[in-house]
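J.: Just so you know, we're using our numbering here: the sequence shown kicks off at 720 and counts up by one.
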Amino acid sequence: MSAKRDSIQKPSFDDSDDGSGMTLLHEHMKDSMTARRRGLRASSWLLKLFLGAVALICSVSIVYTAAGVHRLSSVATADYGDCGQSETVEEAREKGCVFDPMSWIWVRPECYDAELVAEFMNRTDFSWHTEPKLKPETKLGMDVIFRGDHPKLFTQKDYHTVHCFYMMKKMHKAILEHRPIDSYLTEWHHTNHCGMVMLNDILHEDTDCAAPKICPTWVRATWTACRRY
720 MSAKRDSIQK
730 PSFDDSDDGS
740 GMTLLHEHMK
750 DSMTARRRGL
760 RASSWLLKLF
770 LGAVALICSV
780 SIVYTAAGVH
790 RLSSVATADY
800 GDCGQSETVE
810 EAREKGCVFD
820 PMSWIWVRPE
830 CYDAELVAEF
840 MNRTDFSWHT
850 EPKLKPETKL
860 GMDVIFRGDH
870 PKLFTQKDYH
880 TVHCFYMMKK
890 MHKAILEHRP
900 IDSYLTEWHH
910 TNHCGMVMLN
920 DILHEDTDCA
930 APKICPTWVR
940 ATWTACRRY
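#1: How about T941 and K876: do their beta carbons lie closer than 8 Å?
#2: From T849, R866 and F865, pick the residue whose C-alpha is nearest to that of K858; which is it?
#3: Which residue's Cα is closest to the Cα of G867: W823, K814 and D901?
#4: Go ahead and pull the three-state DSSP assignment for T936.
#5: Which full runs of the alpha helix (DSSP H) of 4+ residues lie inside the region 899-930, going along the chain?
#6: Looking at the unbroken alpha helix (DSSP H) that takes in Y799, where does it start and where does it end?
#7: Measure the alpha-carbon distance for Y799 versus A772 and round it to whole angstroms.
#8: For R947, which three-state DSSP category applies?
#9: Quick one, which of D920, A811, I921 and P899 has its alpha-carbon nearest Y948's?
#10: For the region 902-920 against the region 876-885, do three or more pairs of beta-carbon atoms, one drawn from each stretch, fall closer than 8 Å, so that the two count as touching?
#11: Please tell me whether K889 and D801 are closer than 8 Å, where the distance is taken between their beta carbons.
#12: For D819, which residues in the same chain have their Cβ closer than 7 Å to its Cβ, ignoring the five residues on either side in sequence?
#13: Give me the Cα-Cα distance between G803 and E809, rounded to the nearest whole angstrom.
#14: Which residues mark the beginning and the end of the alpha helix (DSSP H) in which L859 is found?
#15: What is the residue span of the alpha helix (DSSP H) that T880 lies within?
#16: Specify, as a first and last residue, the run of the beta strand (DSSP E) that L853 falls within.
#17: Could you tell me the distance, in whole angstroms, from the CA atom of N925 to the CA atom of V938?
#18: Going by DSSP, what residue range makes up the alpha helix (DSSP H) through F839?
#19: Classify H879: buried if its beta carbon has 16 or more other beta carbons within 10 angstroms, exposed otherwise.
#20: What three-state label does DSSP hand S731 in the structure shown?
#21: Specify, as a first and last residue, the run of the alpha helix (DSSP H) that E810 falls within.
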């Protein structure tokens, strides 16, 4: 029995085995830290790349937005010129202006609403004459009226009211369609004047044209400028 006990030996762990295990653990920790540093460097590089891309996108967006705002502001205040300072038919035509018989103005093409002019001219039957009594022999042809050959003429009294409503509709339409507006529409005096004309049947403020007087409308052309406000 004693011989058998002596033959069974317990495992021994000498110093060399313990040192080897510590070395492996140290190497593993070293490799792990190295890999972590590499991962952190990669993450840092990706973060810098992402932030750089964001900064670039923001810069491009700011420049694009600023250019767009400048372009819109330029369009919003565009000036299309005028029809002359000498108030002559010849100068207006030389500047490329057209005549608006419903406003009775010379106007730049950009401020001329052909569709609205046709609408009102087709709804009415006014005639224009060279004298205030509106005699048939003094009546001018519509081709002459549309050419604007005569800056000063006479027509029926009701033209004045229709003209004022036309002006109101013209301004409203220009605002809705973001179109430029002629300088005649922006005159506060004319707006007040048209208000008096349109309300006269109710308020009777026009004492210069009370019944039974014959009160033709005397139309006088205006040379306007055209601008987008």
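The C-beta atom is built at its ideal place from N, Cα and C for all residues, glycine as well.
T.: Reading off the structure:
#1: No.
#2: T849
#3: W823
#4: strand
#5: 907-922
#6: Segment D798 to D801 is the beta strand (DSSP E) holding Y799; no alpha helix (DSSP H) there.
#7: 43 Å
#8: coil
#9: Of the listed residues, the one whose Cα sits closest to Y948 is P899.
#10: yes
#11: no
#12: V826, Y831 and V836
#13: Note on geometry: alpha-carbon atoms of G803 and E809 lie some 9 Å from one another.
#14: Here L859 belongs to no alpha helix (DSSP H), and DSSP marks it neither H nor E.
#15: Boundaries of the alpha helix (DSSP H) around T880: D877 to L895.
#16: Here L853 belongs to no beta strand (DSSP E), and DSSP marks it neither H nor E.
#17: Asn is not the amino acid found at residue 925; the sequence shown has Asp there. Approximately 17 Å, taken between the alpha carbons.
#18: A833 to R842
#19: Looking at its Cβ environment, which holds 16 or more other Cβ atoms inside 10 Å, H879 is buried.
#20: Note that S731 has pLDDT 49, beneath the 50 cutoff, so the model's placement of it is unreliable and the number below is only indicative. The answer is coil: DSSP assigns S731 none of H, G, I, E or B.
#21: V808 to E813
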